[in-house]
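Enquirer:
Numbering (the numbering used here), first residue to last: 21 to 171.
1) Which runs of the beta strand (DSSP E) fall wholly inside the region 60 to 90 and span at least 3 residues, in chain order?
2) Have a look at residue 91 and residue 53 and give me their C-alpha separation to the nearest angstrom.
3) Note down, one range per segment and in chain order, each beta strand (DSSP E) of at least 3 residues found wholly within the region 86 to 166.
4) State the beta-bridge partners of residue 48 as determined by DSSP.
5) Can you check whether the C-beta of residue 71 is within less than 7 Å of a C-beta belonging to chain D?
6) Would you kindly work out how many angstroms separate the C-alpha atoms of residue 47 and residue 65, rounded to a whole number?
7) Please report the straight-line C-alpha distance between residue 82 and residue 26, rounded to a whole angstrom.
Here it is in C-alpha coordinates:
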(Lines of atoms letter the chains of each structure in order from A and count residues from 1; the text may use other names and numbers.)
(Lines give C-alpha, C1' and ligand atoms only; values in the text may rest on other atoms or scores of the structure.)
Protein backbone atom coordinates (compact mmCIF):
# COMPACT_ATOMS: atom_id res chain seq x y z
CA UNK A 1 0.00 0.00 0.00
CA UNK A 2 1.40 3.38 -0.90
CA UNK A 3 0.13 6.96 -1.03
CA UNK A 4 1.04 9.54 -3.55
CA UNK A 5 -0.08 8.80 -7.08
CA UNK A 6 0.61 5.07 -7.28
CA UNK A 7 -2.95 3.93 -7.92
CA UNK A 8 -3.60 5.61 -11.26
CA UNK A 9 -0.88 8.08 -12.15
CA UNK A 10 2.66 6.80 -11.44
CA UNK A 11 4.72 5.36 -14.25
CA UNK A 12 7.89 4.71 -12.21
CA UNK A 13 8.66 3.93 -8.56
CA UNK A 14 11.66 3.77 -6.26
CA UNK A 15 11.54 0.30 -4.75
CA UNK A 16 13.72 -1.77 -2.46
CA UNK A 17 14.09 -5.42 -3.40
CA UNK A 18 16.42 -8.34 -2.87
CA UNK A 19 19.30 -8.37 -5.35
CA UNK A 20 19.96 -11.88 -6.63
CA UNK A 21 22.72 -12.53 -9.17
CA UNK A 22 23.83 -16.01 -10.27
CA UNK A 23 21.56 -17.51 -7.61
CA UNK A 24 23.27 -15.60 -4.77
CA UNK A 25 21.27 -13.22 -2.56
CA UNK A 26 23.09 -9.92 -1.91
CA UNK A 27 20.44 -8.35 0.34
CA UNK A 28 18.07 -5.43 -0.21
CA UNK A 29 19.02 -2.68 -2.68
CA UNK A 30 17.26 0.31 -4.24
CA UNK A 31 15.98 0.37 -7.82
CA UNK A 32 14.03 2.81 -9.98
CA UNK A 33 11.52 0.63 -11.82
CA UNK A 34 9.11 1.43 -14.63
CA UNK A 35 5.61 0.27 -13.66
CA UNK A 36 3.50 1.17 -16.68
CA UNK A 37 3.95 1.47 -20.41
CA UNK A 38 4.54 5.06 -21.47
CA UNK A 39 2.48 4.45 -24.62
CA UNK A 40 -0.82 3.07 -23.28
CA UNK A 41 -0.28 3.43 -19.49
CA UNK A 42 -1.01 -0.27 -18.86
CA UNK A 43 1.04 -2.14 -16.20
CA UNK A 44 4.10 -3.97 -17.52
CA UNK A 45 4.20 -7.81 -17.43
CA UNK A 46 4.40 -9.23 -13.89
CA UNK A 47 3.36 -5.94 -12.28
CA UNK A 48 -0.02 -5.49 -10.62
CA UNK A 49 -0.87 -1.90 -9.73
CA UNK A 50 -4.15 -0.30 -8.77
CA UNK A 51 -6.03 2.19 -6.65
CA UNK A 52 -7.11 1.04 -3.16
CA UNK A 53 -10.52 2.66 -3.59
CA UNK A 54 -12.66 4.73 -1.26
CA UNK A 55 -11.21 5.88 2.05
CA UNK A 56 -12.99 5.82 5.39
CA UNK A 57 -14.33 8.94 7.05
CA UNK A 58 -15.75 12.12 5.64
CA UNK A 59 -14.35 11.53 2.17
CA UNK A 60 -11.77 14.30 2.43
CA UNK A 61 -9.02 11.90 1.33
CA UNK A 62 -10.87 10.30 -1.57
CA UNK A 63 -9.09 12.65 -3.96
CA UNK A 64 -5.78 11.03 -2.95
CA UNK A 65 -4.48 8.46 -5.42
CA UNK A 66 -3.35 5.77 -2.96
CA UNK A 67 -2.41 2.49 -4.53
CA UNK A 68 -1.27 -1.08 -4.18
CA UNK A 69 1.73 -2.56 -6.01
CA UNK A 70 2.75 -6.19 -6.50
CA UNK A 71 5.63 -7.73 -8.42
CA UNK A 72 5.47 -11.34 -9.61
CA UNK A 73 8.81 -12.65 -10.92
CA UNK A 74 9.78 -9.28 -12.40
CA UNK A 75 13.32 -9.05 -13.69
CA UNK A 76 14.87 -5.65 -13.01
CA UNK A 77 17.65 -4.51 -15.32
CA UNK A 78 21.10 -3.58 -14.05
CA UNK A 79 20.83 0.05 -15.20
CA UNK A 80 17.77 0.53 -12.94
CA UNK A 81 19.82 -0.17 -9.79
CA UNK A 82 20.90 2.69 -7.53
CA UNK A 83 24.63 1.97 -7.45
CA UNK A 84 25.92 4.37 -4.80
CA UNK A 85 26.91 1.74 -2.23
CA UNK A 86 27.26 -1.37 -4.39
CA UNK A 87 27.06 -2.22 -8.06
CA UNK A 88 26.69 -5.01 -10.57
CA UNK A 89 29.16 -5.11 -13.46
CA UNK A 90 28.07 -5.65 -17.07
CA UNK A 91 29.20 -9.25 -16.65
CA UNK A 92 26.81 -9.69 -13.70
CA UNK A 93 29.41 -9.65 -10.92
CA UNK A 94 28.32 -8.02 -7.64
CA UNK A 95 30.81 -5.53 -6.15
CA UNK A 96 30.72 -3.50 -2.95
CA UNK A 97 31.78 0.12 -3.43
CA UNK A 98 34.75 1.75 -1.73
CA UNK A 99 32.43 3.75 0.53
CA UNK A 100 33.34 2.78 4.12
CA UNK A 101 30.57 0.80 5.83
CA UNK A 102 30.89 3.12 8.85
CA UNK A 103 29.85 6.06 6.65
CA UNK A 104 26.76 4.21 5.42
CA UNK A 105 25.92 3.11 8.96
CA UNK A 106 26.59 6.63 10.29
CA UNK A 107 24.14 8.12 7.79
CA UNK A 108 21.46 5.65 8.86
CA UNK A 109 22.03 6.42 12.55
CA UNK A 110 21.97 10.18 11.85
CA UNK A 111 18.61 9.94 10.05
CA UNK A 112 17.12 7.93 12.91
CA UNK A 113 18.45 10.46 15.43
CA UNK A 114 16.86 13.29 13.41
CA UNK A 115 13.51 11.49 13.46
CA UNK A 116 13.65 11.25 17.26
CA UNK A 117 14.78 14.88 17.59
CA UNK A 118 11.99 16.15 15.32
CA UNK A 119 9.39 14.05 17.14
CA UNK A 120 10.55 15.37 20.53
CA UNK A 121 10.31 18.94 19.24
CA UNK A 122 6.74 18.36 18.04
CA UNK A 123 5.87 16.66 21.34
CA UNK A 124 7.25 19.58 23.37
CA UNK A 125 5.12 22.01 21.36
CA UNK A 126 2.02 19.88 21.91
CA UNK A 127 2.67 19.65 25.66
CA UNK A 128 3.14 23.44 25.84
CA UNK A 129 -0.18 24.05 24.06
CA UNK A 130 -2.01 21.51 26.24
CA UNK A 131 -0.57 22.99 29.45
CA UNK A 132 -1.48 26.56 28.50
CA UNK A 133 -4.99 25.49 27.52
CA UNK A 134 -5.53 23.56 30.74
CA UNK A 135 -4.64 26.68 32.76
CA UNK A 136 -7.50 28.71 31.27
CA UNK A 137 -10.02 25.93 30.58
CA UNK A 138 -13.18 25.80 32.62
CA UNK A 139 -15.71 23.00 32.69
CA UNK A 140 -18.61 21.55 34.64
CA UNK A 141 -21.68 23.51 35.58
CA UNK A 142 -21.45 26.80 37.45
CA UNK A 143 -22.29 26.91 41.17
CA UNK A 144 -24.98 29.42 42.11
CA UNK A 145 -24.77 31.30 38.80
CA UNK A 146 -20.99 31.92 39.08
CA UNK A 147 -18.28 30.99 36.60
CA UNK A 148 -17.63 27.37 35.69
CA UNK A 149 -15.08 25.43 37.71
CA UNK A 150 -11.52 25.74 36.49
CA UNK A 151 -9.83 22.45 35.62
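All C-beta atoms in this analysis are idealised placements derived from N, C-alpha and C, irrespective of residue type, glycine included.
Keep in mind it's a predicted model, so treat the numbers as computed, not measured.
Expert: Answer, in terms of the structure:
1) Segments of the beta strand (DSSP E) lying fully in the region 60 to 90: 67 to 71.
2) Counting from 1 along the chain shown, the entry for residue 91 is found at position 71. Counting from 1 along the chain shown, the entry for residue 53 is found at position 33. Roughly 11 Å between the two C-alpha positions.
3) You should have 87 to 91, 106 to 108 and 114 to 116.
4) The count along the chain shown starts at 1 and reaches residue 48 at position 28. According to DSSP, residue 48 shares a beta bridge with 38.
5) In summary, chain D is missing from the structure at hand, where a single protein chain is found.
6) Within the chain shown, residue 47 is the residue found at index 27, counting from 1. Within the chain shown, residue 65 is the residue found at index 45, counting from 1. Rounded to the nearest whole angstrom, the C-alpha separation of residue 47 and residue 65 is 24 Å.
7) Your numbering for residue 82 matches position 62 in the chain shown. Your numbering for residue 26 matches position 6 in the chain shown. Rounded to the nearest angstrom, the gap between the Cα atoms of residue 82 and residue 26 is 14 Å.
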